[in-house]
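Following: one structure in structure tokens, then a few remarks.
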């Protein structure tokens with residue numbers, strides 16, 4: 001593939017250059033007219049797009065303004081029903097203080113971490129099968145064996161470092177003497 005422009009393009013370009021050379025004032029007036037027309041068209045286009053944006057935004061705002069009263073009324077109805085329910089429950093608790101106290105104590109106990117853990121272990125733990133308990137114990141044994149092996153390796157390295165430090169100290173002591 002060649003990088004030269006197509007013949008029609010080069011002919012057009014040569015014709016424009018000849019026109020410029022023969023009538024420079026005509027070429028300048030053509031450019032100014034073209035420039036004026038381009039500026040006018042672009043400003044007209046910008047004004048049209050601004051008007052369409054304004055019209056679209058005003059319709060969206062209008063639909064939003066129409067929607068606000070319905071949302072507001074729904075919010076008020078939900079708010080009223082919520083506070084009515086809370087008020088009724090407080091009146092019920094006031095009429096039956098023993099039940100309200102029991103519910104408060106039970107809720108307090110369930111919110112504490114220790115009692116919650118105790119209840120889960122003694123209820124859900126009893127519901128597990130023997131096989132599941134055995135598998136859980138095996139996993140725990142494997143974890144413990146792994147941690148013991150790691151501790152042994154670490155203590156072995158520490159003992160080696162201590163022995164190396166001891167010999168280093170002896171060597172330093174003999175050099176000082």
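Numbering (UniProt numbering), first residue to last: 1 to 177.
Think of the CB as a built atom: it goes at the ideal place given N, C-alpha and C, for glycine as much as any other residue.
- Separation of residue 67 and residue 83 (C-alpha to C-alpha, rounded to the nearest whole angstrom) is 25 Å.
- Cβ contact annotation for residue 93 (same chain, cutoff 6 Å, sequence separation greater than five): 100, in chain order.
- Per DSSP, reduced to three states, the secondary structure at residue 128 is coil, with no helix or strand assignment.
- Annotated three-state conformation of residue 177 is coil, per DSSP.
- Judged by DSSP in its simplified three-state form, residue 54 adopts helix.
- Residue 145 and residue 138 have their C-alpha atoms some 10 Å from each other.
- DSSP places residue 96 outside both helix and strand once states are collapsed to three, so it counts as coil.
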